[in-house]
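Asker: If you read the sequence shown in the working numbering, its first letter stands for residue 652, the second for the next number, and so on. Backbone N, C-alpha and C define an ideal beta-carbon position, used for all residues, glycine too. As the structure is a prediction and not an experimental result, all values here were calculated from the model. The structure that follows is given in the form of structure tokens.
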Amino acid sequence: GKASEIVFCIGKCAMILRAESTLVVSETPPQDDPFLVRALRVVQGAILTVTRDVAVALETPTSHVGIRGTGFYTEARPDETYFCTCYGVTDVASVSDPRARETIHATHHDRPVYILRDARDGRNIRNAPFINHTDQELAIIEELVGREPPFVFPKDSYSGPRRDY
Numbered sequence: 652g653k654a655s656e657i658v659f660c661i662g663k664c665a666m667i668l669r670a671e672s673t674l675v676v677s678e679t680p681p682q683d684d685p686f687l688v689r690a691l692r693v694v695q696g697a698i699l700t701v702t703r704d705v706a707v708a709l710e711t712p713t714s715h716v717g718i719r720g721t722g723f724y725t726e727a728r729p730d731e732t733y734f735c736t737c738y739g740v741t742d743v744a745s746v747s748d749p750r751a752r753e754t755i756h757a758t759h760h761d762r763p764v765y766i767l768r769d770a771r772d773g774r775n776i777r778n779a780p781f782i783n784h785t786d787q788e789l790a791i792i793e794e795l796v797g798r799e800p801p802f803v804f805p806k807d808s809y810s811g812p813r814r815d816y
């Protein structure tokens, strides 16, 4: 709903689901680890996620993303997805243009992108600014699963966006 947020963990994955978001989570069959997330589908809205030691598939209305143990943030809308590889490696692909795909290696929000539905061929993945999530949020959800983010920012030197709670 409006002005809401939920913070939760499933196995080694921790997430912050933003207001007015719809998320579908797929897990492994019960004979494996029943709490191992294998796929996330963001129908609408925004989610910040951290996962390690497991491959996760992310689907939005305009993109397919292969996650290889990383932190990421995405905002999904019908015609556009914002996606930030906060750290780690992701394989980003456009749903509407199979030629629009790339692998992103990031250490600290190095290359956020927009994945568009109806851009000119080969232009469905575009550079984007760093928006709407913070390193503090990543640190909080990493802590929930007993880890720290792979980057460290010294006390009072953080100049990124801040959220009011």
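#1: Excluding the 5 residues flanking F802 on each side, which residues of the same chain have their C-beta closer than 8 Å to its C-beta?
#2: Would you be able to state if there are at least three C-beta pairs under 8 Å between the region 748-756 and the region 695-710?
#3: Return yes when the Cβ of S745 is within less than 8 Å of the Cβ of I776, no when it is not.
#4: Going by CA-CA distance only, name the one from P800, I661, K663, S672 that's closest to A654.
#5: State yes or no: is the C-beta of T664 within less than 8 Å of the C-beta of V693?
#6: So, with DSSP's three-state summary, where would you put A697?
#7: Tell me which same chain residues have a C-beta within less than 7 Å of the C-beta of S714, skipping the five on either side of it?
#8: Using only the alpha-carbon positions, how far apart do A670 and H784 sit?
#9: Could you tell me if I620 is buried or exposed, where buried requires 16 or more neighbouring beta carbons within 10 angstroms of its beta carbon?
#10: Using only alpha-carbon positions, find the residue among G662, T736, R771 that is nearest to I607.
#11: DSSP three-state label for A744, please.
#12: Terminal residues of the continuous beta strand (DSSP E) containing A708?
Answerer: From the atom records:
#1: Translated into the one-based positions of the sequence shown, residue 802 becomes position 151. Closer than 8 Å at Cβ, skipping near neighbours: Y738, T758, H759, D786.
#2: no
#3: Here residue 776 corresponds to residue number 125 of the sequence shown, with the count starting at 1. Here residue 745 corresponds to residue number 94 of the sequence shown, with the count starting at 1. Yes, they are a contact pair.
#4: Working through the sequence shown from its first residue, we reach residue 654 at position 3. Measuring from the Cα of A654, the nearest candidate turns out to be S672.
#5: Mapped onto the sequence shown, residue 664 falls at position 13. Mapped onto the sequence shown, residue 693 falls at position 42. Correcting the residue type first, residue 664 is Cys in the shown sequence and not Thr. Going by C-beta atoms, C664 is not nearer than 8 Å to V693.
#6: As a working note, residue 697 is residue 46 in the sequence shown. Of the three classes helix, strand and coil, the one that applies to A697 here is strand, per DSSP.
#7: Numbered from 1 along the sequence shown, position 63 holds the residue referred to as residue 714. Excluding sequence neighbours, S714 sits near T732, F734, V743, A744, S745, V746, I766.
#8: Stepping through the sequence shown from its first residue, residue 670 is reached at position 19. Stepping through the sequence shown from its first residue, residue 784 is reached at position 133. The straight-line gap from Cα to Cα measures roughly 13 Å.
#9: Any property of residue 620 remains undetermined from this structure, which presents the chain solely from 652 to 816.
#10: Lying outside 652 to 816, the shown extent of the chain, residue 607 is not represented and no answer is given.
#11: For this step, residue 744 is matched to residue 93 along the sequence shown. Three-state result, A744: strand.
#12: In the sequence shown, counting from the first residue as 1, residue 708 sits at position 57. Looking at the DSSP string, the run of the beta strand (DSSP E) that includes A708 is 706-710.
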